[in-house]
Amino acid sequence: MEITKEALNREIERLDGKIAQELEQMKHYAEWILERIGDPESAVNYGFSRSIANTETTVREYLARREAFRDILSSMEKK
269 MEITKEALNR
279 EIERLDGKIA
289 QELEQMKHYA
299 EWILERIGDP
309 ESAVNYGFSR
319 SIANTETTVR
329 EYLARREAFR
339 DILSSMEKK
């Protein structure tokens, strides 16, 4: 199976969308935590912190995959 430039570009665009979506979710979690800092009535919820860490790992994987696709695309364009 041959990988085409178009397929690589589509995959890069798809990853860009996923990265943006994950970052938006991470922002939501962080805002939720920040809104409750200093509020003694607020219950501590460690789930959001874990979710941020998991999202960060996912984003790093997407970024690495996107960079690999860009490298492949770049090498294809040099030929």
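Position one of the sequence shown corresponds to residue 269 (our numbering), numbered consecutively onward. Built from N, CA and C at the ideal position, the CB exists for glycine as well.
When rounded, the separation of the alpha-carbon atoms in Arg334 and Ala321 is 20 Å. Distance from the CA atom of Lys346 to the CA atom of Lys273, rounded to whole angstroms, is 12 Å.
Each of Phe316, Asp307, Glu270, Met344 was checked against the Cα of Tyr297, and the nearest Cα belongs to Phe316. Taking C-beta separations shorter than 6 Å and ignoring five residues to either side along the sequence, the partners of Met294 in its chain run Ile320, Thr323, following chain order.
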